[in-house]
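Following: one structure in structure tokens, then a few remarks.
Protein chains: 2
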Amino acid sequence: MLHEVLPLESGEELVNPTLHYAVYGRLNAARDNAVLVCHALSGSAQVAEWWPQLFLPGGLLDLERDCVIGINIFGSCYGSTGPQSIDPATGEVYGPTFPLINIRDMVRVEAKLIESLGIARLKLAIGASIGGMQVLEWAILFPERVARAISIGVAPLGAMGLGLNHLQRQAIMLDPAWKGGYYGDGPQPEGGLALARALGIISYKSVPLFEQRFNRKPNRHGEENPWISTSAGQNGRFDVAGYLDHQGEKFNPRFDANSYIAITRTMDTFDPVRGHESPFVAYSRITAHLTLVGISTDWLFPPEDIRSMAAIIRAAGARCDYREMASVHGHDAFLAEPEQLVRLLTPVFE
Amino acid sequence: MLHEVLPLESGEELVNPTLHYAVYGRLNAARDNAVLVCHALSGSAQVAEWWPQLFLPGGLLDLERDCVIGINIFGSCYGSTGPQSIDPATGEVYGPTFPLINIRDMVRVEAKLIESLGIARLKLAIGASIGGMQVLEWAILFPERVARAISIGVAPLGAMGLGLNHLQRQAIMLDPAWKGGYYGDGPQPEGGLALARALGIISYKSVPLFEQRFNRKPNRHGEENPWISTSAGQNGRFDVAGYLDHQGEKFNPRFDANSYIAITRTMDTFDPVRGHESPFVAYSRITAHLTLVGISTDWLFPPEDIRSMAAIIRAAGARCDYREMASVHGHDAFLAEPEQLVRLLTPVFE
């Protein structure tokens, strides 16, 4: 817990916030072997649970060599201060009044934590999606404190991504169990959160992947027939519908609706050049070796946006290379094809 | 009204259904100048209201020459039998028990209507989206009764489209005002229908179009600031969010939630080869001059799916050419860029 008032870019503040973090491996004597792994929307500080492939033999990280740190972002429900926390100002749970967290707010507090561990300079900061947003702001805000940075599958959200986030929040708030965000200890808006998650999943996948996996097959579980009516005007589900419903259902027990709203709003804020005199002034601050990774079929963060951003960063004089995963998996490729990601990034370390 | 029992592919039936249709211009003495214009999801028989550009000077149709007929599809709320109609079997409004209508059911009853008007052979059947689905089934089911067919922006829905339709229905049914579909004369599930429409709109547009129009600008109406919190944890909307909310709001007064569910289910059923011995047997029935039009940025009905379908149809021995609209507008290009569509199709008539 930080015993202080943390000012936020929105003008609000967090009083005595808690940061939950995890450490794998050991800091060496020089404290120069620290790797910060930043997590995405529904991730946690427990990096080994949601991105275990980084740690495999021949992977990017080696716990005999590296000290890996994961930090849970504000707004989440995995230990750090979020909507389920008590607001010291009121003594009540924040719920929907949890303040708007900017990616920069998160990175600034992460930097405090890293500093408190006696780490002057991270060996590496790596992350994908919202994790990649944090990595890029690390490289801009704290250039001397990160040697190497890898940001995967991310650029400022375009209008399509902003629209999709908006509709995911609308789905949650449509659910009568939402109660304006004050569902408290009661049942959370499960239907709305499931629908939001399903829509998010659609944005993390791709048209060709869905075609390969599901095509026009009926639901593989049970005996559903989409060609006839069932009771109350429903008809049997196609396979993709069964998949989407299942993804929504299994998300509910592990995530909080207010957190989903808070974190998608944070995702919307990411804009590394905002507030700087110019993109060149912002990006010329970067001294880390920066690698940006795009994914060929990612339609949430199109690879051409990431490639363009890399070009601007290089034009600003920073060292930045762009690499692309050729994958049918869309945005999720960084989790779905870890071997390809490792192959792509291994030269970065050599 | 048809005084008969109409058997449906689902095994259900429609008793004494009503077909609402509109006629523009006049049938000539030979009754060979009839053009059937099939409408899409939220369209009506009133072709001149939703696709007026077809009728402009230099357009595809000329009311001095052609007799244009529009027919409202079952399940809709613009005059033909749909969920708001009385079920003769119960004396109650169908509501959510409206039977599953297959595109072929629709085309068979359209053929009856056309026949009842003394028209032995349509000069042209043209339609886009669900309208294009009807056109293709016309060409297969009634080859001798249509001379020329133009099907725009459509192929059997792939898994992504099936998934999107499923989530649109889930949105409607999540709304507490849905009441299982029995909202009757009471307020309809407006929040759910607005959300469904907004998600549909996203599928009819494209990432580059959204980028051009909205980018990361804040809402152009009012003074919304996405960078700060407002009351109850909301923040100001980005421009794209204002647009999507507006599209949803203006849809409610003109459409019915049960109809939206019924028609998206119909859209899911489209599969011109299903039930035939093979695709070749199905498509070799076609004797009309058939033109399929794809749209370059359409991600709901990807142009490569339509091009492939055209190739199979030609391989089956039918006359089928494929043309592509180069447009940033996505699926909606057939409405958004009518001049280009006319230019593309004019050679078809020459």
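From first to last, the protein sequence lines stand for chains A and B.
All residue numbers for the first sequence refer to the working numbering, where the first residue is 1 and numbers rise by one.
All residue numbers for the second sequence refer to the working numbering, where the first residue is 351 and numbers rise by one.
Note that CB positions come from ideal geometry on N, CA and C, so glycine has one too.
Helix, strand or coil for residue i per DSSP?
| i | result |
| --- | --- |
| B:G748 | The structure shown does not extend to residue 748 of chain B, since chain B is modelled only from 351 through 700, so no value can be given for it. |
| B:R587 | coil |
| A:P218 | strand |
| B:E363 | strand |
| B:S609 | helix |
| A:H331 | helix |
| B:I476 | strand |
| A:A336 | helix |
| B:A527 | helix |
What residue range is occupied by the uninterrupted beta strand (DSSP E) comprising residue i?
| i | result |
| --- | --- |
| A:D321 | 320-325 |
| B:G420 | 417-421 |
| B:T440 | That residue, B:T440, is in no beta strand (DSSP E); it is neither H nor E in DSSP. |
| A:L6 | 5-7 |
| A:A22 | 21-24 |
Under 7 Å from any heavy atom of the ligand FMN, does the C-beta of residue i make it?
| i | result |
| --- | --- |
| A:L141 | Because no ligand of any kind appears in the structure shown, any question about the ligand FMN cannot be addressed here. |
Would you mind sorting residue i into buried or exposed? The rule is 16 or more other CB atoms within 10 Å of its CB.
| i | result |
| --- | --- |
| B:T732 | Examination of residue 732 of chain B is not possible in this model, given that chain B is present from 351 through 700 alone. |
| A:G186 | exposed |
| B:H353 | exposed |
| B:H516 | buried |
| B:A379 | exposed |
| B:P603 | exposed |
| A:S278 | exposed |
| A:L117 | exposed |
| B:E487 | buried |
| B:V590 | buried |
| B:T641 | buried |
| B:P622 | buried |
| A:P176 | exposed |
| B:T742 | As displayed, chain B neither begins before 351 nor continues past 700, which places residue 742 of chain B out of reach and without an answer. |
| B:E574 | buried |
| B:A475 | buried |
Between which two residues does the alpha helix (DSSP H) holding residue i run?
| i | result |
| --- | --- |
| A:G132 | 130-141 |
| A:H39 | A:H39 -> no alpha helix (DSSP H), and no H or E assigned at all. |
| A:A149 | No alpha helix (DSSP H) holds A:A149; the beta strand (DSSP E) holding it covers 148-152. |
| A:I114 | 103-116 |
| B:I551 | 540-554 |
| B:A398 | 397-400 |
| B:Q520 | 509-524 |
| A:F210 | 207-213 |
Roughly how many whole angstroms lie between the Cα atoms of residue i and residue j?
| i | j | result |
| --- | --- | --- |
| A:V348 | A:G82 | 35 Å |
| A:E110 | B:G542 | 39 Å |
| B:K555 | B:W400 | 18 Å |
| B:A321 | B:Y371 | Because chain B spans 351 through 700 in this model, residue 321 of chain B falls outside it and cannot be assessed. |
| A:S259 | B:S553 | 27 Å |
| B:M659 | B:C670 | 10 Å |
| A:Q212 | B:D606 | 34 Å |
| B:F684 | B:E363 | 34 Å |
| A:R351 | A:A155 | Residue numbering for chain A in the displayed model covers 1 to 350; residue 351 of chain A lies beyond these limits and cannot be assessed. |
| A:V135 | B:P652 | 35 Å |
| A:H246 | A:I201 | 11 Å |
| A:L41 | B:R693 | 46 Å |
| A:I228 | A:V15 | 57 Å |
| A:D87 | A:P99 | 10 Å |
| A:G132 | A:G58 | 22 Å |
| A:A171 | A:L113 | 35 Å |
| A:P96 | A:G181 | 5 Å |
| B:L514 | A:P208 | 15 Å |
| B:G586 | A:F74 | 20 Å |
| B:A478 | B:I662 | 20 Å |
| B:V355 | B:D382 | 29 Å |
| B:L411 | B:Y672 | 21 Å |
| A:G161 | B:G420 | 37 Å |
| B:R498 | A:I152 | 50 Å |
Chain E contacts made by the stretch 603-634 of chain B, where a contact means CB separation under 9 Å: Considering every chain present, this structure includes no chain E. Its protein chains are A and B.
Alpha helix (DSSP H) segments (min. 4 residues) lying fully within the stretch 263-324 of chain A: 279-283, 303-315
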